[in-house]
Structures are given as C-alpha cells and as structure tokens.
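A.B. asks: Each residue of the sequence shown is one higher than the last, beginning at 21 in my numbering.
My questions all concern the structure below.
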Amino acid sequence: MKKLNGAEALFLQLETFYEISREVRHDLLPLLEEKNFLKNEVILSRGNISEYVYFLISGCVRFNYLNDKNEDITTFFVLEDEFFANSSSFLTGEPSLINITAIEPTETLRLHKSQVQLMYSKHPDFEKVARGIIEKTLVGTVLRSPPIILSAEERYLRLLEKNPEFVKRIPVKYLATYLGIHPNSLSRIRRDMKL
21 MKKLNGAEAL FLQLETFYEI SREVRHDLLP LLEEKNFLKN EVILSRGNIS
71 EYVYFLISGC VRFNYLNDKN EDITTFFVLE DEFFANSSSF LTGEPSLINI
121 TAIEPTETLR LHKSQVQLMY SKHPDFEKVA RGIIEKTLVG TVLRSPPIIL
171 SAEERYLRLL EKNPEFVKRI PVKYLATYLG IHPNSLSRIR RDMKL
C-alpha cells in the first residue's frame, strides 16, 4: 500500500470531521508549513503562547511539565496522523503551562492561528473542521489519561490494551511519569509480566 504524503494524510483526517470542498483544499494547502523537529527538540516552551496547530506526519511528541519537586512529568503523547496544540493557550492567547517536546525525529505540518482565522473568514464551514480538531484533541487527552483509581499494574495493562504503540516507542522514563509511577516500578511491572 502506498504511503500517503503529509498533506494527503492531513486532508484524510480533516474529512473525518467534515467534508472538505475543493475550494477549502485549494486555499488551505499553500498555508500549511512543513516543520521538522529533532529528537528532544522543544516545540512549545512553558510560558510561550501556542500560535500553531500541528498535524503529525511522523514521529512522536509528548506534553510535559516540571512539578514542584522539579520532576519532569509527562501528561500526554501524540503519534502519527494526529493533530496537536496546547489547546487552552492556542484558544485564549494565554502563556502555556506545559512544554511540548519531540521524543523522536518528528515531521509536522502546521498552521498559524492567523491562518486559521483567515480560513474561517473565507470558508465559514471550516469552523466545523476546526471545532472537530479541538474536540478530538480535548477528548483524546481525557480518554488517554491513566485513571488514578487503578493500581500501577492496572494502568500499565490499560495502556498496553488501548495504546500498544506507546509501549513500543516511548522511553520507560516518560511512560512511567505518564502512568504516575517511578521508572523502576514500571520496569518491575514489565519484568513480572514476562514471567
């Protein structure tokens, strides 16, 4: 099967929210900017305003922050064919409370907030597409968050079931903080499961 290029993959995802007209495709395509990030490169730093919405072509990113003990805590991961932004900062113009970091070499297409506004003014139906993206990212954040009421082992098993790709690609230290446990505990859980 032929691999889709970034723009084709993006339009395929947009079509899941709303039918994209030829005019919207024509006007949106030149506004999309290719932006690549190196492994461990920061995409958005805490304190900066999120001005772009991204579509992940390849790679993996994580949302993270430093807690009051200066520990690096991961709250969310994004893989291929997904949209991401710090939604609250993007929508309100307030500084971001989190960082977004590439944890693999990452290719994206991005659209600046002013270009989103331009698309709204030229194509009122584009708001339905944008609303779908925002809703999907917000719901995805909630659905992917590991429930605190589960034990550490249950959270890991749920992650294996719901997002097996995370376990294959994401370093243990990031998975552990995402699950709310120490990396040694996660290593022990993984080791015990192999027995």
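Every residue, glycine too, gets a C-beta built ideally from N, C-alpha and C.
1) Rounded to whole angstroms, what's the CA-CA distance from R208 to F97? Just pull it up for me.
2) Could you tell me whether the region 114 to 133 touches the region 62 to 74, where touching means 3 or more Cβ pairs closer than 8 Å?
3) Out of E35, S70 and E28, state which residue places its alpha-carbon closest to the alpha-carbon of K148.
4) Is the region 129 to 145 in contact with the region 179 to 196, if contact means three or more CB pairs nearer than 8 Å?
5) Any idea if M21 is buried or exposed, counting beta-carbon neighbours within 10 angstroms, 16 or more meaning buried?
6) Between which two residues does the alpha helix (DSSP H) harbouring F83 extend?
7) So L131 and Y72 are in contact, right, with Cβ under 8 Å, and what is the actual spacing, rounded?
8) Does the region 121 to 129 come within contact of the region 50 to 64, defined as at least 3 CB pairs closer than 8 Å?
9) Look at L271 and F104 and say whether their C-beta atoms are less than 7 Å apart.
10) So, at 6 Å on beta carbons, what are the nonlocal neighbours of T95 in its own chain, with the 5 sequence-adjacent residues on each side left out?
11) Find out if the Cβ-Cβ distance for the pair E124, G79 is shorter than 7 Å.
12) Over the uninterrupted beta strand (DSSP E) stretch that includes R130, give me the two end residues.
13) Among E185, R211 and G152, which residue has its Cα nearest to the Cα of E173?
14) Pull up the distance between the alpha-carbon of E28 and that of E100, whole angstroms please.
15) Return the chain-ordered list of same chain residues with a C-beta closer than 7 Å to the C-beta of N90, the five sequence neighbours on each side being excluded.
16) Return the CA-CA distance between L215 and I93, expressed in angstroms with no decimal places.
17) Provide the residue span of the alpha helix (DSSP H) that contains T112, from first to last.
18) Spatial neighbours of S200 within its chain, please: C-beta separation below 6 Å, excluding the five flanking residues on both sides.
C.D. replies: Inspection of the coordinates gives the following:
1) 22 Å
2) yes
3) E35
4) no
5) Residue confidence for M21 is low, a pLDDT of 43 falling below 50, so the modelled location carries little weight; the figure read from the coordinates is stated next. Looking at its Cβ environment, which holds fewer than 16 other Cβ atoms inside 10 Å, M21 is exposed.
6) F83 -> not in any alpha helix (DSSP H); beta strand (DSSP E) instead, spanning V81 to L86.
7) 7 Å
8) yes
9) The structure shown does not extend to residue 271, since the chain is modelled only from 21 through 215, so no value can be given for it.
10) F83
11) yes
12) T126 to H132
13) R211
14) 13 Å
15) none
16) At L215, the pLDDT of 46 sits below 50, so the modelled position is not reliable; the number obtained from the coordinates is stated separately. Distance between the alpha carbons of L215 and I93 is about 29 Å.
17) S107 to T112
18) One point to set straight first is that residue 200 is Gly, not Ser, in the sequence displayed. If we look at G200 and ignore the five residues flanking it on each side, it has no Cβ neighbours.
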